[in-house]
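Everything below concerns the one structure shown next.
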Amino acid sequence: MEIIAEDWGLVDYTEAYQRQRVVVNDVIATGRGRLIFCEHPPIVTLGRLFKEGSLLFTQEQIKQRGAAIETVDRGGDATLHAPGQLVVYVILNLNLYGRNLKSYLEKLQQAAVDLLKDFGILAVGIPGQRGVFVPRPSFHSSKGSRSSMGYDKIVSIGIGVRKWVSYHGVGINVNPDLSLFSFIKPCGLDVQMTSMAQLLGHPLSMGEVKHKWIEFFSKIFKVNILQ
Amino acid sequence: MDIILPELGEGISKATVVCWHAKVGDMVHLEDEICEVTTDKATFNVEAPANGRLKSMIIPLGQEVMVGGLLGTIEE
Numbered sequence: 013m014e015i016i017a018e019d020w021g022l023v024d025y026t027e028a029y030q031r032q033r034v035v036v037n038d039v040i041a042t043g044r045g046r047l048i049f050c051e052h053p054p055i056v057t058l059g060r061l062f063k064e065g066s067l068l069f070t071q072e073q074i075k076q077r078g079a080a081i082e083t084v085d086r087g088g089d090a091t092l093h094a095p096g097q098l099v100v101y102v103i104l105n106l107n108l109y110g111r112n113l114k115s116y117l118e119k120l121q122q123a124a125v126d127l128l129k130d131f132g133i134l135a136v137g138i139p140g141q142r143g144v145f146v147p148r149p150s151f152h153s154s155k156g157s158r159s160s161m162g163y164d165k166i167v168s169i170g171i172g173v174r175k176w177v178s179y180h181g182v183g184i185n186v187n188p189d190l191s192l193f194s195f196i197k198p199c200g201l202d203v204q205m206t207s208m209a210q211l212l213g214h215p216l217s218m219g220e221v222k223h224k225w226i227e228f229f230s231k232i233f234k235v236n237i238l239q
Numbered sequence: 003m004d005i006i007l008p009e010l011g012e013g014i015s016k017a018t019v020v021c022w023h024a025k026v027g028d029m030v031h032l033e034d035e036i037c038e039v040t041t042d043k044a045t046f047n048v049e050a051p052a053n054g055r056l057k058s059m060i061i062p063l064g065q066e067v068m069v070g071g072l073l074g075t076i077e078e
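Chains E and U supply the protein sequences, listed in that same order. Each residue of the first sequence is one higher than the last, beginning at 13 in the working numbering. Each residue of the second sequence is one higher than the last, beginning at 3 in the working numbering.
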C-alpha cells in the first residue's frame, strides 16, 4: 500500500483545516492516504470534549498574548499548536485497517513512542490517557509543579473520522516555546508540557524528525510513503 | 428507519453525542453525516441510513450511547 507525504510548512491553522477537508474528500474518493507535515502559528484549539476549566486565562487574555483560539471537530479537550511543534495530519482510509478507532489511536501513539526512542527519549503511553508522556525525573522534588501525574507530556493526539477516513492527528513538541502552554491545561490534564529539545538539551532538525516519523509510521502501518 | 451507533472497533462499547448536524424535521439523505459522537480522542461522524426526514433525536448532546444503541430515527 502506498500513501503520499506532503509538507505544508508553517501554515495558518484555519487555512490548513480547509485544505485538510479537501484532502479528506480526495482520500474518501480515491482511497490513497496522505501524511501532511506542518507547523502552525500559536493557536489554542478546543476539541469536542473541551471544558472551560481547561483554559487558565480568559479567551481575551490568550488572544492578547498572541495566540488565536478555535473550536475544532476533533476528539479531546484543549491543546496548543505553535511553531516548533511538528503537526502530522494523518488522512488514512481506516477501512484498510479494520475500522478500529482504538487500534488506530494506539498505532499513532506507538509511532510517536518509537520515534522518540530513536532520539534517545524514553516515552510511554499512560493507560486511560491518549498522547505520549515522559517520566519526570524531578517528580519528588517538584512541589508546586503542574505535573501532578509524575509525567510531562510531549505528544498530543486527537483525531476525527468521516466515512472511515481519519483526519487531524498528532502534535510532537520538537522545539516549541513551552511557555505558551501556560494558557491551558493540555487535554484537561494537570500536566506540564515538555519538548524533545528541552529533554535533549539541544535544538533538533525538524527535517530529521519528519524523516523519522515516516520511517516508524511506515513500519507500524505497513505502508510505503511517497515523498 | 433507526439511526444506530455502529461498531467502532474492538474495545469500544460506547460514545458520547457531541453534535447533531440536522434538526428534527430536516430532510436528510442516505450517507449524509447527521450526528457526531466522540470516544476517547476520536470523533466519528454517523451517517444517515436512509433518505427521509429526521423524526427524532433520541440521544441529546453530552449523553452516552452504547454501540448498537439508538441515536434517532428517520421517517422515510
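Cβ atoms here follow ideal geometry from the backbone N, Cα and C, with glycine treated the same way.
Item: Euclidean distance between Cα positions of N107 (chain E) and K119 (chain E); Value: 15 Å
Item: For I171 (chain E), the nearest candidate out of E:R44, E:E220 and E:T57 (CA to CA); Value: E:T57
Item: Local conformation of H214 (chain E) per DSSP, three classes; Value: coil
Item: As assigned by DSSP and simplified to three states, the class of I16 (chain E); Value: strand
Item: Beta-carbon separation (whole angstroms), L73 (chain U) vs I6 (chain U), contact threshold 8 Å; Value: 7 Å
Item: Per-residue burial, K165 (chain E) [other beta carbons within 10 Å of its own, 16 or more giving buried]; Value: buried
Item: For W11 (chain E), three-class secondary structure by DSSP; Value: As shown, chain E starts at 13 and ends at 239. That puts residue 11 (chain E) outside it, with no answer to give.
Item: Bridge partner(s) assigned by DSSP for N122 (chain E); Value: It should be pointed out that residue 122 (chain E) corresponds to Gln in this sequence rather than to Asn. None, per the DSSP bridge assignment.
Item: Test: I40 (chain E) CB closer than 8 Å to a CB of chain U; Value: no
Item: Interface residues of chain E facing T41 (chain U) [CB-CB closer than 9 Å]; Value: G87, L113 and K114
Item: Touch test, the segment 87-100 of chain E against the segment 194-201 of chain E, Cβ-Cβ under 8 Å, three pairs minimum; Value: yes
Item: Chain E within 8 Å of A50 (chain U), Cβ atoms only; Value: no
Item: Coil, strand or helix - K222 (chain E) by DSSP; Value: helix
Item: Residue-chain proximity (G43 (chain E), chain U), Cβ-Cβ < 8 Å; Value: no
Item: Limits of the beta strand (DSSP E) - the one that T70 (chain E) falls within; Value: Here T70 (chain E) belongs to no beta strand (DSSP E), and DSSP marks it neither H nor E.
Item: Beta-bridge partners of F46 (chain U), as assigned by DSSP; Value: E:V173 and U:V39
Item: Those residues which DSSP pairs with I237 (chain E) across a bridge; Value: E:I15
Item: Inter-residue Cα distance where the pair is S115 (chain E) and G45 (chain E); Value: 17 Å
Item: Alpha-carbon spacing of S178 (chain E) relative to D24 (chain E), whole angstroms; Value: 21 Å
Item: Proximity winner among E:I184, E:G137, E:E14 and E:V182, relative to G162 (chain E) (alpha-carbon distances); Value: E:G137
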